[in-house]
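A.B. asks: One structure, pasted below without further comment.
Number of protein chains: 2
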Amino acid sequence: MNLILIDREKDDFTSPTRVKVYGRRFEHITKVHRACLGDSLTAGIINGRMGTGTITDISTDHLEMELVLDHDPPPALEMTLVMALPRPKMFRRILEALASLGVKQIYLINSWRVEKGFWSTPVLEQENIDKALLLGLEQAGDTTMPRVHLRRFFTPFVNEELDTIAGRTLRLAAHPKGVTTCPCHPGTCVTLAMGPEGGFIQKEIDSFERLGFTCVTLGPRILRLETAVPYLVSRLFA
Amino acid sequence: MNLILIDREKDDFTSPTRVKVYGRRFEHITKVHRACLGDSLTAGIINGRMGTGTITDISTDHLEMELVLDHDPPPALEMTLVMALPRPKMFRRILEALASLGVKQIYLINSWRVEKGFWSTPVLEQENIDKALLLGLEQAGDTTMPRVHLRRFFTPFVNEELDTIAGRTLRLAAHPKGVTTCPCHPGTCVTLAMGPEGGFIQKEIDSFERLGFTCVTLGPRILRLETAVPYLVSRLFA
Numbered sequence: 005m006n007l008i009l010i011d012r013e014k015d016d017f018t019s020p021t022r023v024k025v026y027g028r029r030f031e032h033i034t035k036v037h038r039a040c041l042g043d044s045l046t047a048g049i050i051n052g053r054m055g056t057g058t059i060t061d062i063s064t065d066h067l068e069m070e071l072v073l074d075h076d077p078p079p080a081l082e083m084t085l086v087m088a089l090p091r092p093k094m095f096r097r098i099l100e101a102l103a104s105l106g107v108k109q110i111y112l113i114n115s116w117r118v119e120k121g122f123w124s125t126p127v128l129e130q131e132n133i134d135k136a137l138l139l140g141l142e143q144a145g146d147t148t149m150p151r152v153h154l155r156r157f158f159t160p161f162v163n164e165e166l167d168t169i170a171g172r173t174l175r176l177a178a179h180p181k182g183v184t185t186c187p188c189h190p191g192t193c194v195t196l197a198m199g200p201e202g203g204f205i206q207k208e209i210d211s212f213e214r215l216g217f218t219c220v221t222l223g224p225r226i227l228r229l230e231t232a233v234p235y236l237v238s239r240l241f242a
Numbered sequence: 005m006n007l008i009l010i011d012r013e014k015d016d017f018t019s020p021t022r023v024k025v026y027g028r029r030f031e032h033i034t035k036v037h038r039a040c041l042g043d044s045l046t047a048g049i050i051n052g053r054m055g056t057g058t059i060t061d062i063s064t065d066h067l068e069m070e071l072v073l074d075h076d077p078p079p080a081l082e083m084t085l086v087m088a089l090p091r092p093k094m095f096r097r098i099l100e101a102l103a104s105l106g107v108k109q110i111y112l113i114n115s116w117r118v119e120k121g122f123w124s125t126p127v128l129e130q131e132n133i134d135k136a137l138l139l140g141l142e143q144a145g146d147t148t149m150p151r152v153h154l155r156r157f158f159t160p161f162v163n164e165e166l167d168t169i170a171g172r173t174l175r176l177a178a179h180p181k182g183v184t185t186c187p188c189h190p191g192t193c194v195t196l197a198m199g200p201e202g203g204f205i206q207k208e209i210d211s212f213e214r215l216g217f218t219c220v221t222l223g224p225r226i227l228r229l230e231t232a233v234p235y236l237v238s239r240l241f242a
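As given, the protein sequences belong to chains C and D, one line each in that order. Note that the numbering used here has the first sequence beginning at 5, numbered continuously upward. Note that the numbering used here has the second sequence beginning at 5, numbered continuously upward.
Given below as structure tokens:
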């Protein structure tokens with residue numbers, strides 16, 4: 005937890021700049037950071053500004069912080085990610101990684117190789133998605149919550165929505181069998197499609213190509229989604 | 005499993021080019037790939053060449069493959085990684101990711117913020133390390149096993165070994181508080197040091213700097229080790 009995230013609506017403000025912190029954050033601040041009265045920690049408001057929180061009071065189950073919010077969060081990555089729904093085991097970790105990398109628009113879509121059962125797992129409940137995203141923001145030191153959009157049906161998403169979503173961005177689809185090397189720092193907004201384990205099937209790739217997506221490869225190695233995502237983000241934006 | 009890895013010493017060869025495959029690989033080939041008699045799969049010899057394995061026989065608990073090994077594995081990444089021992093929960097995943105990325109020299113070292121108990125966990129047994137590395141190679145499609153070196157004591161490693169290990173390579177230490185941006189595709193061999201959660205302490209950073217390491221930052225976001233590794237590898241080599 006490199007940032008204490010405060011929720012303007014749900015947290016207990018005792019003045020416009022003073023807030024009580026309970027539970028998981030309280031435990032982390034006192035037990036991991038071992039912070040004491042008067043210590044300042046990096047803090048920020050969800051979808052708001054960042055700065056410091058100075059501990060003004062500690063009790064047995066909460067502490068109080070005086071917030072000074074003097075700067076904006078890091079800029080969002082100029083990327084929309086369209087990703088086949090990962091398996092539940094990986095899901096939380098990938099969301100956390102995406103939030104930590106600064107990806108702010110995430111479309112989770114169906115694909116031939118996504119097992120149908122993945123769509124009815126509890127990891128997809130908004131509360132669980134938000135938990136994973138918050139962990140990523142706390143790790144990275146960012147306050148802007150990514151938006152996660154679930155799209156259960158491939159064809160209507162690709163035929164009716166994707167062109168508008170991608171707009172004037174550079175359209176790329178990561179594909180192990182792609183022949184074009186992924187561009188390095190193209191200096192433009194990107195819409196990136198990533199397939200499931202085993203990749204998109206040819207018919208799906210055809211759909212992306214009809215919309216002007218270029219299939220790109222990451223090199224001679226086939227990487228797992230959780231490794232490929234930071235690898236590609238770095239190549240496109242670092 | 006994008007590659008069937010064969011062990012020249014342990015597997016059951018019935019001729020110089022024909023091998024019996026049992027157990028986990030057999031299950032995967034028949035149940036996930038759903039391969040049949042006559043099908044060809046990507047195959048390779050551990051620390052040897054790659055090519056195809058054509059199924060010449062299938063029984064209830066094993067199959068036989070005829071190997072044609074006509075090309076070398078992808079080139080190794082020109083990087084030595086010196087990494088504070090990750091927590092056991094992450095360890096297997098990180099090793100797997102490193103193997104899939106092509107890192108071949110990995111020194112796992114102690115650091116002030118590594119919990120002592122991590123050094124006595126079963127994940128550090130050679131057999132478990134090898135398992136994780138093999139999974140990474142199978143994923144990526146590579147045959148060259150990385151070498152993992154355990155160094156339980158920071159000071160003798162840094163004072164007596166590291167200078168020789170780093171040789172003429174570019175010496176970098178990833179550090180959230182670094183001020184230099186990590187170079188992009190430096191075009192040279194790199195020795196990269198990465199700290200534990202919370203980072204190296206100042207005294208450790210001083211030791212690296214005395215040996216000519218430059219502290220580099222990844223940008224405004226603090227990434228978890230498992231996200232930072234592919235991010236940095238991509239920046240340095242992709």
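Cβ atoms here follow ideal geometry from the backbone N, Cα and C, with glycine treated the same way.
Output the boundary residues of the beta strand (DSSP E) element that contains D43(D).
C.D. replies: The residue given as residue 43(D) occupies position 39 in the second sequence. Careful: D43(D) lies outside any beta strand (DSSP E) and carries neither H nor E.
A.B. asks: Please return the same chain residues whose Cβ sits closer than 6 Å to the Cβ of V152(D), not counting the five positions on each side in sequence.
C.D. replies: The residue you call residue 152(D) lines up with position 148 of the second sequence. I110 and I133.
A.B. asks: List, in order along the chain, the chain A residues whose C-beta lies closer than 7 Å to that of T231(C)?
C.D. replies: Here chain A cannot be found, since the structure's protein chains are C and D.
A.B. asks: Within 9 Å of any Cβ in chain D, is that where the Cβ of A242(C) sits?
C.D. replies: Along the first sequence, one-based indexing puts residue 242(C) at 238. Yes, its Cβ sits closer than 9 Å to a Cβ of chain D.
A.B. asks: At what residues does the beta strand (DSSP E) containing F17(D) begin and finish?
C.D. replies: Position 13 of the second sequence, counted from the first residue, corresponds to residue 17(D). Run containing F17(D): D16 to S19, per the beta strand (DSSP E) assignment.
A.B. asks: Would H153(D) count as contacting chain C if we go by Cβ distances under 9 Å?
C.D. replies: Indexing the second sequence from 1 puts residue 153(D) at position 149. Closer than 9 Å: no.
A.B. asks: Tell me whether K93(D) is buried or exposed, calling it buried when 16 or more other Cβ atoms sit within 10 Å of its Cβ.
C.D. replies: Taking the first residue of the second sequence as 1, we reach residue 93(D) at position 89. Classification of K93(D): exposed, given that the 10 Å Cβ count is below 16.
A.B. asks: Do we get a CB-CB distance below 9 Å when we pair S44(D) with the residues of chain C?
C.D. replies: For this step, residue 44(D) is matched to residue 40 along the second sequence. S44(D) does not count as touching chain C.
A.B. asks: So which residues on chain C does P126(D) lean against when the C-beta distance must stay under 7 Å?
C.D. replies: Here residue 126(D) refers to the residue found at position 122 when the second sequence is read from its first residue. Near P126(D) there are no residues of chain C at all, since even the closest Cβ is about 21 Å away, more than 7 Å.
A.B. asks: Which residues in chain C have a C-beta closer than 9 Å to the C-beta of V220(D)? List them in chain order.
C.D. replies: Counting from 1 along the second sequence, the entry for residue 220(D) is found at position 216. Going along chain C, no residue has its Cβ under 9 Å from V220(D), so there is no contact; the nearest lies around 12 Å.
A.B. asks: Are the beta-carbon atoms of R53(C) and P20(C) separated by less than 9 Å?
C.D. replies: Here residue 53(C) is taken as the residue at index 49 of the first sequence, counted from 1. Here residue 20(C) is taken as the residue at index 16 of the first sequence, counted from 1. Contact: no.
A.B. asks: Ends of the alpha helix (DSSP H) at D65(C)?
C.D. replies: For the purposes of this step, residue 65(C) is taken as the residue at position 61 of the first sequence. Run containing D65(C): none; DSSP gives neither H nor E here.
A.B. asks: Identify the contact partners of Q143(C) in chain D, using a Cβ-Cβ distance below 8 Å as the criterion.
C.D. replies: Looking up residue 143(C) in the first sequence gives position 139. Going along chain D in sequence order, the residues near Q143(C) (Cβ under 8 Å) are I226, L227 and R228.
A.B. asks: Please return the same chain residues whose Cβ sits closer than 8 Å to the Cβ of R117(C), not counting the five positions on each side in sequence.
C.D. replies: As a first step, residue 117(C) must be located in the first sequence, where it is residue number 113. Here the set comprises A88, G199, P200, E201, G202, G203, F204 and I205.
A.B. asks: Under three-state DSSP, which class holds M94(D)?
C.D. replies: Numbered from its first residue, the second sequence carries residue 94(D) at position 90. Of the three classes helix, strand and coil, the one that applies to M94(D) here is helix, per DSSP.
A.B. asks: Run down chain C in chain order and give the residues with a C-beta less than 9 Å from the C-beta of R239(D).
C.D. replies: Position 235 of the second sequence, counting from 1, holds the residue named residue 239(D). Within 9 Å Cβ-Cβ: S238, R239 and A242.
A.B. asks: Does the segment 51 to 67 of chain D come close enough to the segment 137 to 155 of chain D to have 3 or more Cβ pairs within less than 8 Å?
C.D. replies: Touching, yes, given that three or more Cβ pairs across the two stretches are closer than 8 Å.
A.B. asks: By the criterion of Cβ-Cβ separation under 8 Å, what are the contact partners of G223(D) in chain C?
C.D. replies: Stepping through the second sequence from its first residue, residue 223(D) is reached at position 219. Those are P78 and A242, listed as they occur along chain C.
A.B. asks: For F217(D), is the classification buried or exposed, using 16 other Cβ atoms within 10 angstroms of its Cβ as the cut-off for buried?
C.D. replies: For the purposes of this step, residue 217(D) is taken as residue 213 along the second sequence, with counting starting at 1. Per the 10 Å Cβ criterion, buried.
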